Amino acid sequence: VPHTYPKNPQLARWVKRQRRQYKMLQSSQSSSMTPERLQLLNDVEFVWDSHEANWCEKYSALVEYKQQHNTCHVPSTFTDKKLATWVKCQRRQYKLFFQGRQSAMSQHRIRLLESIQFDWEVRPTK
Numbered sequence: 001v002p003h004t005y006p007k008n009p010q011l012a013r014w015v016k017r018q019r020r021q022y023k024m025l026q027s028s029q030s031s032s033m034t035p036e037r038l039q040l041l042n043d044v045e046f047v048w049d050s051h052e053a054n055w056c057e058k059y060s061a062l063v064e065y066k067q068q069h070n071t072c073h074v075p076s077t078f079t080d081k082k083l084a085t086w087v088k089c090q091r092r093q094y095k096l097f098f099q100g101r102q103s104a105m106s107q108h109r110i111r112l113l114e115s116i117q118f119d120w121e122v123r124p125t126k
C-alpha cells in the first residue's frame, strides 16, 4: 500500500501506523505493536520498509526492461517515465555513495544492479 492511496486513504493511514509502531518497537520505545499482531502481519508478508519495497519493484521493472531491450539504458523518452527517472537516480546515488556522502545506495544494491550489467556512466550517443 503506497503512502498515499486514493482508493482507500484509511488503509494507507493504518499501514503507516503499523510501520510507525513497528519502528518504535524496534527501538525499544513504548508501542501498541504486540507480538501477536507482529506475527499476523508477518504471516501475510506485510512490507515493513516501503522504501525498500519500492526500490525492489523498480529493480524488477529494470530487469524486465533489460530482458526485452538487452540494455539497462532506459531513455528519458521511454513510456515508463518513472523507471527512466529511477535509473537516473541510481546513477546519482551511486556517485554520492562513493563520494562518502549521504545516499540511498548500498553495497547490496550495487551488487544487484551489477548482476544485470547496469552501466553506472551514461555514454553519449553518436
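All residue numbers for the sequence shown refer to the numbering used here, where the first residue is 1 and numbers rise by one.
Ideal Cβ placement from N, Cα and C applies to all residues, glycine included.
Since this is a predicted model, take the numbers as computed values, not measurements.
Is there contact here, the segment 3-14 with the segment 31-39, by at least three beta-carbon pairs under 8 angstroms? Touching, no.
For L112, collect the residues of the same chain with a Cβ closer than 7 angstroms to its Cβ; drop the 5 residues on either side in sequence, then sort them by chain order. If we look at L112 and ignore the five residues flanking it on each side, its Cβ neighbours are Y59.
Span of the alpha helix (DSSP H) holding P9? That run of the alpha helix (DSSP H) goes 9-26.
With distances taken Cα to Cα, identify the nearest neighbour of E45 among V1, C72, K7. Cα-wise, what sits closest to E45 is V1.
By the 10 Å Cβ neighbour count, where 16 or more other Cβ atoms means buried, how is V87 classified, buried or exposed? It counts as buried.
R101 - DSSP class collapsed to helix/strand/coil: If DSSP states are grouped into helix, strand and coil, R101 belongs with coil.
Which residue wins for smallest C-alpha separation from S103, given the options Q67, Q90, S115? Here the closest residue by C-alpha is Q90.
Tell me where the alpha helix (DSSP H) around W55 begins and ends. If you look at W55, you'll find it in the alpha helix (DSSP H) that goes 50-69.
I need the DSSP call for I116, collapsed to helix, strand or coil. The answer is coil: DSSP assigns I116 none of H, G, I, E or B.
Specify, as a first and last residue, the run of the alpha helix (DSSP H) that Q39 falls within. Note, Q39: alpha helix (DSSP H), 35-43.
Quick one: residues in its chain with C-beta nearer than 8 angstroms to the C-beta of M33, no 5 flanking neighbours on either side, listed in chain order? For M33, where only same-chain residues beyond five positions count, the Cβ hits under 8 angstroms are Q18, Q21, Y22, M24, L25.
Any idea if R92 is buried or exposed, counting beta-carbon neighbours within 10 angstroms, 16 or more meaning buried? Residue burial is scored here from C-beta neighbours: R92 has fewer than 16 other C-beta atoms within 10 angstroms and is therefore classed as exposed.
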